[in-house]
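Enquirer: Per this note's numbering: the sequence shown ends with 350, consecutive numbering throughout.
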Amino acid sequence: MTQEQGFKDSMFAWLENIISCELPNDVGCVFETCPQDAKKPVRRSDEMDPRLETLPQIAELDAQSFAYEFREFLTRLAVECNWHHIRSGEKRGDENCRMRLDGSLQDITTIDVETGSIELRRWRARINNYTDLILFLMQSNTDTQFIGSGEAAKAAVFYITEYITKSSLPMYIGIQALEYATKMHEQKFEALEDVTVDQKNRNLITKSVNAMMGQQEISHQQVMSYLVGGGDFYTSHTFQTLRWYEFVQAADRLDREMTYDENEEPCEESEDSTIQEEQVTVNVMADGVEVTSDIEDYALRPITEHQFADLSLWEFVEKTSYLYCWEKQSLAKMVERKSMRTIVVA
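1) According to DSSP, is residue 186 helix, strand or coil?
2) Specify the secondary structure class of residue 155 as computed by DSSP and reduced to three states.
3) Taking the continuous alpha helix (DSSP H) assigned at residue 302, which residues delimit it?
4) Within 10 angstroms of the Cβ of residue 17, are there 16 or more other Cβ atoms? Answer buried if so, exposed if not.
5) CA-CA distance, residue 176 and residue 128?
6) Assign residue 209 to one of three DSSP states: helix, strand, or coil.
7) Measure the CB-CB distance between residue 148 and residue 134 and report whether it falls below 7 Å.
8) Check the C-beta distance from residue 60 over to residue 70 and give it rounded, since I have them as a contact under 8 Å.
9) Roughly how far, in whole angstroms, is the beta-carbon of residue 19 from the beta-carbon of residue 113, given that I think they are within contact range, below 8 Å?
10) Output the distance between the C-alpha atoms of residue 193 and residue 316, rounded to the nearest integer angstrom.
11) Please state whether DSSP places residue 34 in a helix, a strand or coil.
12) Looking only at its own chain, which residues have a Cβ that is under 7 Å from the Cβ of residue 188, when we skip the five neighbours before and after it?
13) When you compare only the Cα positions, how much space is there between residue 277 and residue 141?
14) Please give the ranges of any alpha helix (DSSP H) in the segment 107-145, keeping only runs that are unbroken, at least 4 residues long and fully inside the region.
15) Are there 16 or more other CB atoms within 10 angstroms of the CB of residue 389, so buried, or fewer, so exposed?
16) Taking Cβ to Cβ, would you say residue 185 is nearer than 7 Å to residue 215?
17) Please determine, among 324, 6 and 46, the residue with the shortest C-alpha to C-alpha distance to residue 121.
18) Just verifying my parser: in three-state terms, what is the DSSP assignment at residue 57?
19) With residue 14 as the anchor, note down where its alpha helix (DSSP H) starts and where it stops.
20) Looking only at DSSP bridge pairs, what is residue 248 linked to?
21) Alpha carbon to alpha carbon, how far is residue 204 from residue 81?
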């Protein structure tokens, strides 16, 4: 980069375009002439916090008006969110600044000859780095840094690796959760004598996992995404719920019925049946009540039609969907039609 002037100029222009250390209307270094200049400007009492204010809408303004409103709103956000100030209890003085904003200014972007790192221009001593569009959309504090190579890149990789691999559940909290799960497990089966060891072990594992997961940390981004209706997860596909245990229990019951011998003693219920029971959905409508079951839907599918007959259970759950007809009709017609629900193959 030091040998190719054209590439260096393009690189500097690109970085200065996406990373700002000044207010939008600044045209050069703004020097601090007194200690008061370093303090964060106080917002007027009648002025709304820009972090809570509605953004200027480009659909409601012409291009020139929106550009003006964008700069004005961005200026208020940069002061409110990215103007560095001393926290309560923090040592005063630029040499103690946690953000390493020591009050120094830099008129142009340069390259450090010794380290080879790029030192961006800084026209405001107390403004933390930001990207105008991100700050405008997020309306919160941001910190944009350019990481090329060398020590900065190594430090960034180390920090990210340490952050994503850290344990979000402290050991003492995990032990407390396991202790609680064990006590609840013992209380549940204390008076039950006809429960097998396998059932007890399976229930203990379930309670232990649930207790551990209940103590996991939730990030701020997950909470906010859930609160604004975005959900707490993102997927590239949609998924259907398959209650596999219901079909296993139904198959076990069918097998016992087919092999039943009157001279033999009654066999014990499947160990899963005492833990989880089949779920049946009841739809209460104006004209009546409809009861549906996943097992019945698959067992009573129209096998005379080729598109349903060849579907395995997995394919049936994956490829079919339900359509409800909310037509007003009498109960007699509903009984005649057997069901108000129609199954279609996607």
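The C-beta atom is built at its ideal place from N, Cα and C for all residues, glycine as well. As the structure is a prediction and not an experimental result, all values here were calculated from the model.
Expert: So, from the listed chains and residues:
1) helix
2) helix
3) 298-303
4) exposed
5) 46 Å
6) helix
7) yes
8) 6 Å
9) 7 Å
10) C-alpha of residue 193 to C-alpha of residue 316: approximately 38 Å in a straight line.
11) In this structure, residue 34 counts as coil in the three-state DSSP scheme.
12) Cβ within range, chain order: 211.
13) Residue confidence is low: residue 277 scores 41 on pLDDT, short of 50, so the model does not pin down where it sits. Its coordinate-derived value is still stated next. If you take the alpha carbons of residue 277 and residue 141, they lie about 52 Å apart.
14) 136-142
15) Nothing can be reported for residue 389: it is not among the residues displayed for the chain, which extend from 5 to 350.
16) yes
17) 6
18) coil
19) Looking at the DSSP string, the run of the alpha helix (DSSP H) that includes residue 14 is 9-22.
20) In the DSSP output, where bridge partners are listed per residue, residue 248 has none listed.
21) 58 Å
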